[in-house]
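Going by numbering that gives the first Met the number 0, 269 is the number at position 270 of the sequence shown; the sequence numbering is gapless.
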Amino acid sequence: MQGKSRIRFIGTSLLLAGALALLFSRPVSADSRWGANYFPNIELTTQDGKTVHFYDDLIKGKIVAIDLIYTTCQYSCPLETARLAQVQKILGDRVGKDIFFYSITIDPTNDTPAVLKAYAQKFHAGPGWTFLTGKKEDIDFLSKKLGLYSDPAATLDGHTPHLLLGNEPMGQWMRNSALDNPRFLSQMIGDFLDSFRNMKPTQGKENSESAAIHLDPGQYLFTKKCGACHTVGQGDKIGPDLMGVTDARNRDWLMRKIQTPEQLLAEKDPITMALAEKYGHVTMPNLRVADEDANHLIGYLVSQTSAFNRQASAAKNSATKTAEDGSRDARPNR
Numbered sequence: 000m001q002g003k004s005r006i007r008f009i010g011t012s013l014l015l016a017g018a019l020a021l022l023f024s025r026p027v028s029a030d031s032r033w034g035a036n037y038f039p040n041i042e043l044t045t046q047d048g049k050t051v052h053f054y055d056d057l058i059k060g061k062i063v064a065i066d067l068i069y070t071t072c073q074y075s076c077p078l079e080t081a082r083l084a085q086v087q088k089i090l091g092d093r094v095g096k097d098i099f100f101y102s103i104t105i106d107p108t109n110d111t112p113a114v115l116k117a118y119a120q121k122f123h124a125g126p127g128w129t130f131l132t133g134k135k136e137d138i139d140f141l142s143k144k145l146g147l148y149s150d151p152a153a154t155l156d157g158h159t160p161h162l163l164l165g166n167e168p169m170g171q172w173m174r175n176s177a178l179d180n181p182r183f184l185s186q187m188i189g190d191f192l193d194s195f196r197n198m199k200p201t202q203g204k205e206n207s208e209s210a211a212i213h214l215d216p217g218q219y220l221f222t223k224k225c226g227a228c229h230t231v232g233q234g235d236k237i238g239p240d241l242m243g244v245t246d247a248r249n250r251d252w253l254m255r256k257i258q259t260p261e262q263l264l265a266e267k268d269p270i271t272m273a274l275a276e277k278y279g280h281v282t283m284p285n286l287r288v289a290d291e292d293a294n295h296l297i298g299y300l301v302s303q304t305s306a307f308n309r310q311a312s313a314a315k316n317s318a319t320k321t322a323e324d325g326s327r328d329a330r331p332n333r
C-alpha cells in the first residue's frame, strides 16, 4: 500500500517541485547584487590540477549547475552524480557550451584532484563538467553563500543533494533536488537555458507525471532509485545490466544487495568484490529501501527477465520452424 501511495502522489510531488523551482528563482536586473559583490572569488583546484577562482573563472558571464559531493559518500552522492551524468547525456554538447556543470567536494582533505579525476571517470563525466576541491574553510563559506550548506550532523551524508542553477549575467538562480528525474531536470535546465522568463513548467511536469502514472511499483522504484546506474536489457551503464540477475543470484543475496550493499562490501562478499573490480569500484549507495520496496524491485526484474526469455524462446521457435519449412521446400519432388 505504501508503494502504491507513492506512485499515486508522484504527480503531486512533481508539481511541487516545479513550484519550488519557481520559488527559488529571483529574476533581477543585470546590475543586481548577485554578482562579484556577493559570490566569493575563492581559489579552487580542478580534477586536472588547474587553479581557478570561483567567480572570475567559473561563473562570471555563464550559466551554471552546481552541486556538492564527496567521493567516499555511501548514500546520495553516487546517485546524485549518476543522475547528473544522465542529464549531461540528454543535454549533449550544450554542456560545456551553453551551461557548465561544477561538482565541488565537501571533503577536500581526502578528495585530491587525482581522486576527483578518477571519480569523474567512473561516472563518465564529459567535457563541460568540472570537479573541484580547495580549502575546507573556503568551501564551507562558499556552500553557505550558495544556499547549499547543511549541518553535517543532520543528515546521513553530511549534506543535502541539491542542484543549484544560475544565470550569472541575469542574476537568476534556482534550486532543485539533484536526485530528481533526469528528464525532468533536463527539461528544466533546457527551459532555463532558452528563456528563464518564459519557462514552460507545465510541459515538463505533465510529461514526467504521465510517465510515472503508468509504472507499476517495481518499475517506478527501478526508474527512481536504480535507473541512473543500471538498465534491464539495454546494456551496462555505470553498473551492470540487470537482465537475468534474478536467475543468476539467489533472492536473499539480492535483498541484501538492494538494502545493505555496504555490508556485503565490508564482508568482502566475492560477488560484490568481483562487481566492484569490473565496474571501477563505484560504490553502490544504501538508498534505505524497505522490505516491501525491495520485493517490488525484485518482482519487476523477475517479470522483465521472464518476458525476455519468452520472447527469446518464441524467436528461436520461429527461426527453427522457418528453417524446417525451408528445408522441406528444398527437397526434390518424387
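Virtual Cβ for every residue (Gly too), placed ideally from N, Cα, C.
Beta-ladder partner(s) of Phe100, from DSSP: DSSP links Phe100 through a beta bridge to Ala64 and Trp128.
Buried versus exposed, by CB contacts within 10 Å (16 or more), Asn180: By the 10 Å Cβ count, Asn180 comes out buried.
Identified DSSP bridge partners for Gln171: Paired residues: Asn166.
Extent of the continuous alpha helix (DSSP H) to which Thr271 belongs: Per DSSP, Thr271 belongs to the alpha helix (DSSP H) from Pro269 to Lys277.
Lys49, buried or exposed, once every other Cβ within 10 Å from all chains shown has been counted against 16: It counts as exposed.
Status (buried if at least 16 other CB within 10 Å, exposed otherwise) for Ala313: Exposed, by the Cβ-count rule.
CB contact flag (Thr304, Thr245, <8 Å): Their beta carbons are under 8 Å apart, which means Thr304 touches Thr245 by this criterion.
Candidates Ala64, Gln73, Cys72 and Thr71, of which the one nearest Ala84 by Cα: Cα-wise, what sits closest to Ala84 is Ala64.
Assumed close pair Trp172, Leu163 - CB separation to whole angstroms, cut-off 8 Å: Yes, they are in contact, since the Cβ atoms of Trp172 and Leu163 sit about 7 Å apart, within 8 Å.
Distance, Val114 Cα to Tyr338 Cα: Because the chain in this structure spans residues 0 to 333, residue 338 falls outside the shown range and cannot be described.
Whole-number beta carbon distance between Leu145 and Thr104, since they are thought to touch under 8 Å: So it is not a contact: roughly 14 Å between Cβ atoms.
Best match in Lys121, Ile89, Lys134 and Thr129 for proximity to Asn109 [C-alpha to C-alpha]: Measuring from the Cα of Asn109, the nearest candidate turns out to be Lys134.
Contact check, Gly60 vs Phe100, beta carbons under 8 Å: In this structure, Phe100 does not lie closer than 8 Å to Gly60 by Cβ.
Limits of the alpha helix (DSSP H) - the one that Glu261 falls within: Where Glu261 is concerned, the enclosing alpha helix (DSSP H) stretches over Pro260 to Ala265.
Identity of the residue in Pro260, Thr45 and Thr282 nearest Lys121 by Cα: Closest by alpha carbon: Thr282.
Gly234 to Ala119 span [Cα, whole Å]: Those two C-alpha atoms are separated by around 21 Å.
Closest residue to Asp236 among Val51, Leu78 and Tyr69 (Cα-Cα distance): Per the sequence shown, residue 236 should be read as Lys rather than Asp. The shortest Cα separation from Lys236 among Val51, Leu78 and Tyr69 belongs to Leu78.
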